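Let me begin by presenting the structure, written as structure tokens, before commenting on it.
Numbering (my numbering), first residue to last: -16 to 153.
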């Protein structure tokens, strides 16, 4: 452990291999300091919780509550089946649930930045706020430097190995 280090870097490629179309991952890397969390979503066009299988339309009829509670693969397969998932899907169009559903099941922008002192629950993405431009740039640069230093395939390979077989079906 380096006692001088003031940050932690994390990453994710996938949780459930068959969650997205073509078994493509949802690649994320993040850097967290005492004050901020910066997340880079490398494929913001993909669904972080897996393909919605038509449920991105709030008017679409969902599978039954029991199906959602017991079959992980029926929709949003990167989130395990259970009563919470079933409830959220069944209530996703309600005004009191809509924003929470989008936060948990929706697509994310390419960059996210959270001010942990002002927003300890990560509710307000300030990545596009001009007041945070310097922090965003600094954390992005530091994250990318660490990823290059560690030879992270997502950063140093083009195309990245995780975007083709044997990791995917594409």
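For every residue, glycine included, the Cβ atom is placed at its ideal position computed from N, Cα and C.
On a predicted model such as this, the values are computed, not experimentally measured, just so you know.
Please report how far the alpha carbon of residue i lies from the alpha carbon of residue j, in whole angstroms.
i           : j           : result
residue -11 : residue 47  : 47 Å
residue 42  : residue 27  : 24 Å
residue 61  : residue 92  : 18 Å
residue 108 : residue 95  : 6 Å
residue 152 : residue 145 : 11 Å
residue 65  : residue 45  : 15 Å
residue 84  : residue 135 : 31 Å
residue 75  : residue 81  : 5 Å
residue 35  : residue 72  : 10 Å
Using the three-state DSSP reduction, which class does residue i fall into: helix, strand or coil?
i           : result
residue 0   : coil
residue -13 : coil
residue 62  : coil
Report the partner residues of residue i according to the DSSP bridge assignment.
i           : result
residue 226 : Residue 226 is absent from the structure shown; the chain starts at -16 and stops at 153.
residue -5  : 11
Nearest to residue i by alpha carbon, out of the options?
i           : options             : result
residue 6   : 139, 23, -13 and 31 : 31
residue -8  : 147, 148 and 131    : 131
residue 33  : 23, -16, 25 and 56  : 56
residue -6  : 138, 150 and 151    : 138
residue 12  : 147, 44 and 127     : 127
residue 118 : 90, 83, 72 and 17   : 17
residue 53  : 38, 123, 40 and 70  : 70
residue 23  : 9, 35 and 36        : 9
query: Which runs of the alpha helix (DSSP H) fall wholly inside the segment 82 to 132 and span at least 4 residues, in chain order?
result: Taken in chain order, the whole alpha helix (DSSP H) runs of length 4 or more contained in the segment 82 to 132 are 116 to 132.
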